[in-house]
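At position 106 of the sequence shown the residue is numbered 105 (numbering that gives the first Met the number 0), and the sequence of numbers has no breaks.
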Amino acid sequence: MGQNITISLVALAVFTAGLLGAELKQSRRAQIIFKPLAGLAFIALAIFCGALENAYGQLILLALVLSFIGDNLLLRKGTGPAFIGGLFAFLLAHIVYAIAFFRGGSLAFYALLAALAILSALAMGPLYKSHVDKATLAATRLYGAIITIMVALAIRLGMDTGIWIIAVAAIMFAVSDVFVGRDRYIQQSPKNFLAITPLYFGAQAVFALSILWPL
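Quick look at the structure:
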């Protein structure tokens, strides 16, 4: 199993590097090749880490599969139906991640989660209102609220277990999405992918590896 994990990590690193190079060179053909391969690598990593053996692993695997679907939908440029489909695939992935990270909490903690989610949704307005239509903005608000909850639960998990790298990975994912929004809504630039790609695939690798840890 250890050898398979190592091979999966190396493959993920190679495919991620290939994808980043393709994005910087704006090579659509290479992106279509490397992005699915990188996604398959983090799914394989989760499986080799024992994703099928317990409920936590199964949730992480499901979230990774949903992310893989979202990745492939987001291969299309623009903010059309494929983008909205990709957005909702990732929204579902974050819901599943949130369920995996959830360890209970007080009423005050739930109130804090709700407040953070609302503030995140409201913040999407000033950022993107002038760049997208109402339907896309509504979807983005919902997405922002859900990923905020996921990050908060990952931080809480780090507080409870001392395994802070999961919280770091969740923040990496969120920062990656900020640059996705910038690229799709505000200013398209290959340079955005210097943040998007390493942070996103790094976060997914950590989530897959977390199946091995005593959570």
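Even for Gly, the Cβ is constructed at its ideal location relative to N, Cα and C.
Might you give, ordered along the chain, the residues of its own chain that have their beta carbon closer than 7 Å to the beta carbon of residue i, omitting 5 neighbours on each side?
i: Y199; result: F172 and S175
i: Q25; result: P189
Might you give, ordered along the chain, the residues of its own chain that have their beta carbon closer than 6 Å to the beta carbon of residue i, omitting 5 neighbours on each side?
i: I154; result: A166
i: L86; result: A138 and Y142
i: A97; result: I148, M149 and L152
i: G17; result: F33
i: L60; result: A45 and A50
i: P197; result: none
With distance defined between alpha-carbon atoms, name the residue in the options nearest to residue i.
i: L63; options: F82, N53 and L91; result: L91
i: F178; options: L193, I164, A168 and A169; result: L193
i: G201; options: A10, Q25 and R183; result: A10
i: I146; options: T160, A116, M123 and I164; result: A116
i: N3; options: A168, C48, D159 and L23; result: C48
i: L65; options: A88, P80 and I83; result: A88
Which whole-angstrom value describes the C-beta separation of residue i and residue j, a residue pair presumed to lie in contact below a C-beta threshold of 8 Å?
i: I162; j: L214; result: 7 Å
i: A207; j: F100; result: Between F100 and A207 the Cβ distance is about 14 Å, and since that is not below 8 Å, they are no contact.
i: G56; j: I210; result: 4 Å
Reducing DSSP to helix, strand and coil, say where residue i ends up.
i: I42; result: helix
i: K34; result: helix
i: G181; result: For the record, residue 181 in the displayed sequence is Arg; it is not Gly. In the structure shown, R181 sits in a helix (DSSP, three-state: H, G or I).
i: G124; result: helix
i: I162; result: coil
i: L245; result: The structure shown has nothing for residue 245, since the chain only spans 0 to 214.
i: R28; result: helix
i: R75; result: coil
Counting only the same chain and skipping the five closest in sequence on each side, list residues whose C-beta sits under 8 Å from that of residue i.
i: A107; result: none
i: A134; result: I83
i: L136; result: M123, G124, Y127 and K128
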